[in-house]
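Numbering (the numbering used here), first residue to last: 6 to 276.
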């Protein structure tokens, strides 16, 4: 009888603990994407329609100290949102993801942060804790559209390209596209993808896209792809490349200022 009552009391205690935790953290069941989307919609409703800023950074794995500095620097620009280009972790497990989320919450709790799926992320954890693999961020009031795709396996597949084509066809105003791995070009040869890259070039060349954002290579570089400004921004904390034939070995963020519908880009080194 004593064992029975002990078991019942233990279960009641655990149930009470779970209930208290749920009440204390009502958003705990939400993904980072869902929490950030609510913040984004609120901020987009208050931002100046003809002058706003957002920040792009990527590859923060194994570099929490630098990543915290990157977030603090991003915060100083009062951005509409922060876009993380992927590889927030080494393996993307539960513990690493929890650590990443805690750092973000400590440093920029009020700023929306969206994450592109990177090749170091875990497909079992990412959709539960971080967000969708592919997504479109839209602010009609600002005429802003950002389309993010998952090419972490080194390719863009026909269904993704069809979806991107449709999203860009319906987009108005200022448009951006992001994915983790850069496309293979004459300038970018290593750490790139080939499958779907030629079609991506054709799609963006016919679109309103003003900027393409990539990470994966731990450096900074600016180029063009399909006639569109294209950036590698992979310097938010991960160990920098040993050497760069093209680009700069620098920890950095990329500040994007949209003024009267036109985007300007500034790489800011992390001190």
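The beta-carbon is built from N, C-alpha and C at its ideal position, and this holds for glycine as well. These numbers come from a predicted model, not from an experiment.
Could you work out which residue in 265, 246, 75 is closest to residue 273 when comparing CA atoms only?
-> As a working note, residue 273 is residue 268 in the chain shown. If we check each option's Cα against that of residue 273, 75 comes out closest.
Spell out the partners DSSP gives residue 225 in its beta bridges.
-> Taking the chain shown and counting its residues from 1, the one referred to as residue 225 is at position 220. Note: residue 225 sits in a beta bridge opposite 238, 253.
Is it the case that the Cβ atoms of residue 139 and residue 155 are separated by a distance below 7 Å?
-> Taking the chain shown and counting its residues from 1, the one referred to as residue 139 is at position 134. Taking the chain shown and counting its residues from 1, the one referred to as residue 155 is at position 150. At a Cβ-Cβ threshold of 7 Å, residue 139 and residue 155 count as neighbours.
Between the Cα of residue 85 and the Cα atoms of 137, 212, 102, 143, which residue gives the shortest distance?
-> Within the chain shown, residue 85 is the residue found at index 80, counting from 1. Cα-wise, what sits closest to residue 85 is 143.
Could you give the distance in angstroms between the alpha-carbon of residue 214 and the alpha-carbon of residue 151?
-> Here residue 214 refers to the residue found at position 209 of the chain shown. Here residue 151 refers to the residue found at position 146 of the chain shown. Between residue 214 and residue 151, the C-alpha separation is close to 9 Å.
Can you tell me the Cα-Cα spacing of residue 205 and residue 220, whole angstroms?
-> Position 200 of the chain shown, counted from the first residue, corresponds to residue 205. Position 215 of the chain shown, counted from the first residue, corresponds to residue 220. Using only the alpha carbons, I get a separation of about 16 Å.
Do residue 62 and residue 258 come within 7 Å of each other at the CB atom, strictly closer than that value?
-> Looking up residue 258 in the chain shown gives position 253. Looking up residue 62 in the chain shown gives position 57. With contacts defined as CB atoms closer than 7 Å, residue 258 and residue 62 qualify as a contacting pair.
Is it true that the segment 108 to 127 meets the segment 36 to 52, where meeting means three or more beta-carbon pairs spaced less than 8 Å apart?
-> Touching, yes.
Name the one or two DSSP bridge partners that residue 160 has.
-> To locate residue 160, count along the chain shown from 1; it is residue 155. Answer is 200.
Buried versus exposed, by CB contacts within 10 Å (16 or more), residue 163 = What you label residue 163 is simply residue 158 of the chain shown in a count that begins at 1. That one is exposed.
Can you grab the Cα-Cα spacing for the pair residue 198 / residue 190, in whole Å?
-> Position 193 of the chain shown holds residue 198. Position 185 of the chain shown holds residue 190. Going by the C-alpha atoms only, they are around 9 Å apart.
Given residue 271, which residues of its chain have a CB within under 6 Å of its CB, disregarding the five upstream and five downstream residues?
-> Within the chain shown, numbered from 1, the residue matching residue 271 stands at position 266. For residue 271, where only same-chain residues beyond five positions count, the Cβ hits under 6 Å are 260.
Taking buried to mean at least 16 other C-beta atoms within 10 Å of its own C-beta, is residue 99 buried or exposed?
-> Within the chain shown, residue 99 is the residue found at index 94, counting from 1. Result: exposed.
Taking all protein chains shown into account, do 16 or more other C-beta atoms lie within 10 angstroms of the C-beta of residue 13, making it buried, or fewer, making it exposed?
-> Residue mapping note: residue 13 aligns to position 8 of the chain shown, counting from 1. Reliability fails at residue 13, whose pLDDT of 46 lies under 50, so the model's placement of it is uncertain and no value is given.
Do you know offhand how far residue 56's Cα is from residue 177's?
-> Start at 1 with the first residue of the chain shown, and residue 56 comes out as number 51. Start at 1 with the first residue of the chain shown, and residue 177 comes out as number 172. Cα to Cα, the separation comes out at about 17 Å.
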